[in-house]
Structure formats: C-alpha cells, structure tokens
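A.B. asks: Sharing a structure with you now.
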Amino acid sequence: MTRKNAAVRFPARGLAGPVLVMLLLQAIPGFLAAEDRNAAGETPADAALAAYSDPSRIWGNGAERVIEEAYRLCFRTRIIGGRVMNLRMPFAQNNERDILLDEGWEFLRGGKGNPEFLWPVIEGIIDSKEFGAYTEALSDGREKVIVFDIPGQSWSATRDLFELARMKAGSYRGLPHRPYVLVPGRGPEESDVYNYLYCVGLAGMDCSGFVWHVLSGVAREGGLDLGSALRRALGVRRGGDPSWYAGTAFFDSGSSQILAVRDEIRGLRPADIILFRGYDGAVSHSAIIQSVDMKGGVIRYLQCTDEAPLAERGVHESFIYFDPQKPAQSLWDPELRWTQKRYAPFPGEKASPFSDDGERYRAFPELGGGRVVRLRALVPVIERLSRR
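What follows is the structure in structure tokens.
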C-alpha cells in the first residue's frame, strides 16, 4: 500500500519526526475537522509544520534560502511498504553504463528534467502494479538477489543458493547494465526504491541538470529567466530546451558568461559551481555551493551523483570544514576536510578511485584539476538577494 503525503516536502535530514507526526494526524479520522482549515485548505498543523520547515528560519532571505528551496524540491515523503520514506531525486546520466552494449538507453529528458516534470512521473511509477510486485518480492521474508536489466527496464529475482553465496562472498556477477542487489526480504528500504527508479523507471537528474535546476531557481527569484538570458551563449537551437545545453562542458568553457573564481574560501559565494575534472582532462562532475559560513568554518555544497553511500545516492548535501582563521585557504589545500565519501553506486561494483570529494577535486593537477566558476548573469541577482 502506498499513500501520498499531502504536507510540506522536506529534505532528508532532521525532519523525519515532524513528517511522521503529520502523517499520523492525517491518518486519524475526524482529528482535523473541516472548520479547522483556513481559506487555503490548510489545517493549523499544516501551517505550524510549514512554519517549522521554512528555510528562512536558518538561511535568511538571501540566495542561501533560494538554493535551499530548490534543493528541497528534489525530495518527496511517501509511505511505502508501511514505512515513512524520504525519497530523493535519483541520479540519471546518459551513457554512464552502456559501455558493453552496441546501443544504450536514455533517461527521461536525458537527465535534464526538473522536479516539476519528474516527480509526477516518479509518483506514477511508485503507484504502479509493477512497482507493487517489486515491493512484494522485497517483503516476502526470503533472502534473494534482485537482477536489474536497465536497457529492458525490468527486473528479476533469484533464490539460487550459489548466487546468494557469491554475493555474500563478494564475488559480484553484475554488469554495468545489469546490477545485482542482495536483499533480505524484510521489506523495501529507500535504497531499494532508488534502485527501481534508476534501473526500471529511468528517472532522475544528472549532475549538471541538478545544478541548472538550482541556478534557474535563483535567477527566477531575481526576476531573470536564465534559459532566455543564456540561449545564445549556450548555442540553443530554435525550439530547444536550454537545460539540455547547460552541461559540465559549458560550465568549463571559455564563454563570456563563465567567470573563473579564485577558489580561496574567502572569495566563494552561494551559487558558485564546483567543477571536478576527469582522467581525460574534461570536467566530469559539477556541484553548487549553497552557503559559506566564515565564522563556523563550513562550506555546504549540493550535488547529484550515484558515487556516494547508498543512503545518499542522488541529490544530497555535502560539507567542507576549514579553519576560520585561514580564509585564504584554497580548495586544493589538503588540510581541508571534505566529508563527502565516494563509493560504488551498487555494492560489489568497482569502487571510485577517490575516497572523498577532496581527493577528486585535487585529482589530475597536470590537466587543470578542479576549479570554481560563476555565472556572470547571476552576479547582479545574487547581489540583490544578499541585500534582503
């Protein structure tokens, strides 16, 4: 059984309690009478919870709040298999796993869809009979191996003792396009929902799709249509969607709209883009800074990737800790503590060559390594927001 949560959407951390309370209140017949609702249809509990979750309580009314709001749009709370789950937007990048195939597959809108488009599709997937059969298989009390077929958008299950033994012994038999997952049969977890949405639903956002979503939200708050403002710089064809063109290559390009930022901590700003370079010299990943706390010594940045702990795959928050007495430190400085660990997307697959984001940022110095950039069009918008 599944049920939508009609209350406010929340980020993954620290709000499970209020969400659970709201769901319980909604589940009690007659607890919230019709006369207790305001003109907008909200109950006092709705209003109280909305006020509690208001990002301005923590981030004020500047760019930090706008970025946080865009981040929260990437989460939905659902009851699945009798459990309250905070679902995060999955990662979805074309051509990431089709290296062994002659033909690949495409994620919905190529991983460039925004939450407004993707969540209704994801809700439909979760409410489908096919997903119901999947959750039943995860809840029958029997240990098994789930085998996903990504190009076929399907899954199968096996209880073969040899397959179970291999998985437990660390002898992984999956392929990039056919991930294997060992499940205990005790009901679905959030990671199981992620696996289905990624492998069967082909739904989610890639790293630059998420960054563009956040940047667009910041621009919109300042009265700017970012897609229209950058159409020429992006090289958008007539009738094209700018989000399809705003990839990591653009953020690392020589466009006049891209401002190189000296990556000293004191010079970083909300909405700055962190770029991570790959082994071939091209930028392979992007993230966006949400806040820089010069007093507390914390940089909070947001990203969408599947090279992360199972519970964080997809859109998630990450942190860099620094000494407030050293504001001139560069992000290249190995003294900084990057807390975001990197793991294989599915247990058993080849692990990331970098233990954390710091190693990844400092990698390939001979090719330029990591860097930080800023969109010229957003500079006046950020300045106006900061004066609020």
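Residue numbers (this note's numbering): 2 to 389.
All C-beta atoms, glycine included, are put in the ideal place defined by N, C-alpha and C.
1) For Y195 and I147, what's the separation of their Cα atoms in angstroms?
2) Among V284, K327, V316, P152, which one has its Cα closest to the Cα of L203?
3) Can you name the start and end residues of the beta strand (DSSP E) that W156 belongs to?
4) Consult DSSP for F277 and reduce its assignment to one of helix, strand or coil.
5) Using the C-alpha atoms, what's the distance from M206 back to I392?
6) Counting only the same chain and skipping the five closest in sequence on each side, list residues whose C-beta sits under 7 Å from that of D141.
7) With DSSP collapsed to three states, give me the class of N95.
8) Less than 6 Å between C-beta atoms, sequence neighbours within five positions excluded: which residues of the same chain meet that for P91?
9) Check whether the region 126-146 touches the region 73-83, taking contact to mean three or more Cβ pairs, one atom from each stretch, closer than 8 Å.
10) Enumerate, from N- to C-terminal direction, the unbroken beta strand (DSSP E) stretches of 3 or more residues contained entirely within the region 298-364.
11) When you compare only the Cα positions, how much space is there between R143 and E137?
12) Could you give the first and the last residue of the continuous beta strand (DSSP E) run that contains S292?
13) State the start and end residues of the unbroken beta strand (DSSP E) segment that holds R375.
14) Closest to A158 by C-alpha separation, out of G61, S172, Y181, V215, would be which residue?
15) Using only the alpha-carbon positions, how far apart do R267 and R372 sit?
16) Can you name, in chain order, every residue of its own chain whose Cβ lies under 6 Å from the Cβ of P381, other than the five neighbours on each side?
17) Is the beta carbon of L379 sitting closer than 8 Å to the one on A220?
18) According to the Cβ coordinates, are I289 and V237 closer than 8 Å?
19) To the nearest whole angstrom, what separates the beta carbons of P395 and R98, a pair I think is in contact under 8 Å?
20) Determine the burial state of E69: buried for a count of at least 16 other Cβ atoms within 10 Å of its Cβ, exposed for fewer.
21) By the three-class DSSP mapping on this structure, what secondary structure does A230 have?
22) So for F132, helix, strand or coil by DSSP?
23) What are the residues that DSSP puts in a beta bridge with R89?
24) DSSP has F149 in a bridge; who is on the other side?
25) Can you tell me whether DSSP reads L165 as helix, strand or coil?
26) Using beta-carbon positions only, say whether M295 and P271 come within less than 8 Å of one another.
27) Quick one: residues in its chain with C-beta nearer than 6 Å to the C-beta of S353, no 5 flanking neighbours on either side, listed in chain order?
28) Please report the distance separating the alpha-carbon of L16 from that of L102.
C.D. replies: Let me lay it out:
1) Residue numbering aside, residue 195 sits at position 194 when the sequence shown is read from its first letter. Residue numbering aside, residue 147 sits at position 146 when the sequence shown is read from its first letter. Rounded to the nearest angstrom, the two C-alpha atoms are 13 Å apart.
2) Counted from its first residue, the sequence shown places residue 203 at position 202. Taking only the C-alpha atoms, the option nearest L203 is P152.
3) Looking up residue 156 in the sequence shown gives position 155. W156 -> beta strand (DSSP E) spans 155-159.
4) Position 276 of the sequence shown, counted from the first residue, corresponds to residue 277. DSSP places F277 in strand when its eight states are reduced to three.
5) Nothing about residue 392 can be read from this structure; the chain reaches only from 2 to 389.
6) Stepping through the sequence shown from its first residue, residue 141 is reached at position 140. For D141, where only same-chain residues beyond five positions count, the Cβ hits under 7 Å are G186.
7) For the purposes of this step, residue 95 is taken as residue 94 along the sequence shown, with counting starting at 1. Reduced to three states, the DSSP call for N95 is coil.
8) Position 90 of the sequence shown holds residue 91. The answer, listed in chain order, is Y195, L198, Y199, G205, G315.
9) yes
10) 299-306, 315-322
11) Counting from one through the sequence shown, the residue named residue 143 turns up at place 142. Counting from one through the sequence shown, the residue named residue 137 turns up at place 136. Their backbone Cα atoms lie some 11 Å apart in a straight line.
12) Your numbering for residue 292 matches position 291 in the sequence shown. Counting along the chain, the beta strand (DSSP E) containing S292 begins and ends at 284-294.
13) The count along the sequence shown starts at 1 and reaches residue 375 at position 374. Per DSSP, R375 belongs to the beta strand (DSSP E) from 372-376.
14) Here residue 158 refers to the residue found at position 157 when the sequence shown is read from its first residue. That would be Y181, whose Cα lies nearest to the Cα of A158.
15) By one-based count along the sequence shown, residue 267 stands at place 266. By one-based count along the sequence shown, residue 372 stands at place 371. Going by the C-alpha atoms only, they are around 15 Å apart.
16) In the sequence shown, the residue the question calls residue 381 occupies position 380. If we look at P381 and ignore the five residues flanking it on each side, it has no Cβ neighbours.
17) Locating residue 379 in the sequence shown gives position 378, where the first residue counts as 1. Locating residue 220 in the sequence shown gives position 219, where the first residue counts as 1. Their beta carbons are under 8 Å apart, which means L379 touches A220 by this criterion.
18) Taking the first residue of the sequence shown as 1, we reach residue 289 at position 288. Taking the first residue of the sequence shown as 1, we reach residue 237 at position 236. No, Cβ-Cβ distance for I289 and V237 is not below 8 Å.
19) Because the chain here runs from 2 to 389, residue 395 falls outside it and cannot be looked at.
20) For the purposes of this step, residue 69 is taken as residue 68 along the sequence shown, with counting starting at 1. Result: buried.
21) By one-based count along the sequence shown, residue 230 stands at place 229. In this structure, A230 counts as helix in the three-state DSSP scheme.
22) To locate residue 132, count along the sequence shown from 1; it is residue 131. Helix.
23) Here residue 89 corresponds to residue number 88 of the sequence shown, with the count starting at 1. In the DSSP output, where bridge partners are listed per residue, R89 has F76.
24) Within the sequence shown, numbered from 1, the residue matching residue 149 stands at position 148. Its beta-bridge partners are W156.
25) By 1-based counting over the sequence shown, the position of residue 165 is 164. Reduced to three states, the DSSP call for L165 is helix.
26) On the sequence shown, position 294 is the one that residue 295 refers to. On the sequence shown, position 270 is the one that residue 271 refers to. Contact flag unset, no.
27) Translated into the one-based positions of the sequence shown, residue 353 becomes position 352. Closer than 6 Å at the Cβ level, and outside the excluded window around S353, lie E308, R343.
28) Mapped onto the sequence shown, residue 16 falls at position 15. Mapped onto the sequence shown, residue 102 falls at position 101. Confidence in L16 is poor, its pLDDT being 45 and thus under 50, which makes the residue's placement unreliable; the coordinate value appears in the next sentence. One C-alpha to the other measures close to 42 Å.
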